[in-house]
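Residue numbers (the numbering used here): 564 to 1216.
Here's the structure, in structure tokens; my notes come after.
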Amino acid sequence: MSEDLIFYYPVQELRDIERIFFERKEQLALDRINEFLSRTDLDEEAFLQGKIIKSYILEEIVIIRPPEEKTLESLELAEEVFNRSEQLKNPLLAFDALTMIYRNYQESVSFGHSYIPENKIARFNELIDRLPEKLELIEPKDEMDYLVRKAFYLFLQPWIRIRRGDIEKSDFVESWKRSAELCKKNDFKRILMYNTGSLAIHYRNKGEFEKALSYYEESLDVSKRMGYLLDIGERYNHLAYFYRAKKDYENFYKYTQKYLEICEELDWEEGIYDAIFNIGTYYLDKGEHAKSIIYFEKSMSMCKDEYYLPMILAQIGKVHENEGNLNKAHDKYLEAYDMASKHKNTEYWHMIVRYLASVRFLLGDLDSALEYIDEAISAYSKGESYIFVAEILDIKSNILWYKGLKEEAICLLEEGLVLAEKFNLNDMVAKYLSILVRFCYEIDSVNKAEIYYTKIIELKELVKHKPSKHRILLAEINYLFRSTILKEKIRAEVISEQLLVEEEIEYPILIDVLLILTEYLFKEFKATEKEEYLNRLNKYTEQLQKITKDKKSTIIQIQVLILQSKLQLLTLDINQSRSLLFEALRIAQENKLENLIQTILFQQERISAEAIMLEKLKVKTTKISERVEIIEIQESFEEIKKSAIDLQLKHTI
């Protein structure tokens, strides 16, 4: 019995064909299985086993035929084998056929592009639920027949349950570890490779990078013991993405190169242009846009399969978006969207819809942005992919908030929170709670805000992912700055200072910290008129302006300059106030931001009149609060906070 395959059948020719397929000789494997099935000397069991192998090859192939065609053919074969196995009372074949029905079903409906006829969906759902029953009915001549299938079932089990919406995140780890134990005990290398790879991704997504790395390395070691070069190459590719998630871009590049070397050695075109695409992504992450375009276009010129092109087009669009050319980005996203829809590309379509929603939002077309997000939500719901629904409800809520539909936005966040809690996704729960704390305080729903604050603090010891920890601290300073207790306000300032020097903090979170801190200092200055608050307010608005300039967040940078100009008016430094506005106007004109140009011109006209009013007021009273009302400083804070939602959306999507 082979120890590096999945389907353990006694017919040597079938094992050889599966091995050919794992060497990435897809067309040869398909030709060989067709030859096998055309033989007239096969007994029925071998013939049915051959059909399972063909179903498996078709389910895995993406470059030989369109996905819809291969999926339907694979499903037909699996259903045929299942029906016949029921007549023969052969639970082993029935189990294998059901695993293929599940794998095809999952691929088909995950993102709503269902290839399966409507009248078949209920039937397939019913069949998939019979997998454990068939597993337990296997009476093996060799115990390995049962054990290898049990290991494979434990690997699939979490995904089957999550499709039903009845699994907690911890069940992934439990099920995969049980499968891995079986694999190690019986030397089932391939399934062990899948298990350890999945555990690695699980811990990577949780931000537990040390655990993730140990599983990545174990998965790589297993693949090396099997000896299939493409398996080894793909583990290098997985390690590359691990280091990208860790923001270790040099190792991301290093392992991408290792992947590319193996693909070139095997002359595997799909892998070569995939690796070249990843190098383009490396340069995109580094902000070297000219280089990234070169690699993306090289990857696109090599790609012979339109199934993959939408992803490349979308990343070219992302380069344009990062450079501030939103119209070019929109055109690329729309081209990618049309192509993905045409080819029913379930793998990339959802991401492209998010990109389109993002750029439509940034272009000011909020209604169209909502339409795209609703399309994605509908597709995910249809495919029972509720985790993906949970991932994007916060995007829709931010758009609604921006439109002024604040109660609706909060309701959506609460809906997303329920889904995130249902699946025990602590990082996602932290994200939703952080936004809810902020939004509830914004509408003076203090009781609700405090309830959500209590819940997010309970997560403090459970989350490991740095951004999630930062979101919890963000909620904490939001809460503490509103306290009437001086000690708690001081603690909020300490936490804020710690976050501002945190090396791995995400840029939108850093902006939010500075906004909360500066608005707090402004309110304290207005209430106490202590100069120390004004000095610190000037210090942090300067830091906010510098960061937005470095990160090319032009709109926020301009709005911060307007705010700084208004703050200078408080001390009647008219020349400095005008100078800051001139700088804001220059940047707005360079970037053709008409709305902001008009805002700045209006503010310039007001300065002289406001200065005269402030001088007269200074003679009568020294109250800062009265000066603040004339200058309308709070209005500037509100505009910056709206733009911070733009920024959050861009980074979320």
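Virtual Cβ for every residue (Gly too), placed ideally from N, Cα, C.
As the structure is a computational prediction, the values presented were derived from the model and not from experiment.
Non-local C-beta neighbours of L1100 in its own chain, meaning closer than 8 Å and more than five positions away in sequence, comprise T1081, L1084, F1085, F1088 and L1130, ordered along the chain. In the three-state DSSP reduction, E1065 falls in the coil class, being neither helix nor strand. Taking 8 Å as the cut-off, the beta carbon of Y911 is found closer than this to the beta carbon of P873. The stretch 1019-1037 and the stretch 974-987 do not touch, with fewer than three beta-carbon pairs separated by less than 8 Å. In this structure the stretch 766-776 does not touch the stretch 743-752; the number of beta carbon pairs closer than 8 Å is below three. The C-beta separation of I825 from L802 comes to about 13 Å, leaving the pair out of contact by the 8 Å criterion. The distance from the Cβ of W831 to that of R587 is about 6 Å, consistent with a contact at the 8 Å cut-off. A Cβ-Cβ separation of about 6 Å places I664 in contact with L690 under the 8 Å criterion.
By the criterion of a C-beta distance shorter than 6 Å, D734 is surrounded in its chain by P721, once the five residues flanking it on both sides are discounted. Close CB contacts of K809 within its chain, under the 6 Å cut and outside five residues either way in sequence, are with F772 (chain order).
Sorting L925, L1043 and A953 by C-alpha distance to the C-alpha of D937 places A953 at the top. Secondary structure note for R923: its alpha helix (DSSP H) is the uninterrupted segment W912 to L925. The Cβ atoms of L1133 and I1194 lie closer than 8 Å to each other. Between I1119 and I1170, the gap from beta carbon to beta carbon reaches 8 Å or more. With a cutoff of 8 Å on beta-carbon distance, K891 and A877 are scored as not near each other. Per DSSP, the unbroken alpha helix (DSSP H) holding Y896 starts and ends at L889 to K905. Bounds of any alpha helix (DSSP H) do not take in T1134, whose DSSP letter is neither H nor E. Note on geometry: alpha-carbon atoms of Y858 and E696 lie some 50 Å from one another.
The criterion of a C-beta distance shorter than 8 Å is satisfied by A1147 and L1124. A distance below 6 Å between beta-carbons, with the five flanking residues on each side excluded, links L975 to the following residues of its chain, in chain order: L956, K959 and S960. With at least 16 other beta carbons inside 10 angstroms of its own, S761 counts as buried. In the structure shown, N987 falls within a coil segment according to DSSP collapsed to helix, strand and coil. Secondary structure note for G770: it is in no alpha helix (DSSP H), with a DSSP letter that is neither H nor E. Apart from sequence neighbours up to five positions away, the residues of its chain that approach N758 with a beta-carbon distance below 7 Å are F718, W739, S742, A743 and C746, ordered along the chain. In this structure, M707 lies away from R753, with their beta-carbon atoms at least 8 Å apart.
Taking K1112 as the centre and dropping the five residues before and after it, the same chain places the C-beta of Q1120 closer than 7 Å to its C-beta, in chain order. Going by C-alpha positions, I875 is about 30 Å away from G979. Take S997, set aside five residues on each side of it, and the residues of its chain with a beta-carbon closer than 6 Å to its own are R1034, L1037 and A1038, in chain order.
Between L593 and I620, the C-beta gap is smaller than 8 Å, which places the two residues in contact. In the structure shown, L640 adopts helical secondary structure according to DSSP, grouped into three states. Straight-line spacing of the CA atoms in D848 and L694 works out to 43 Å.
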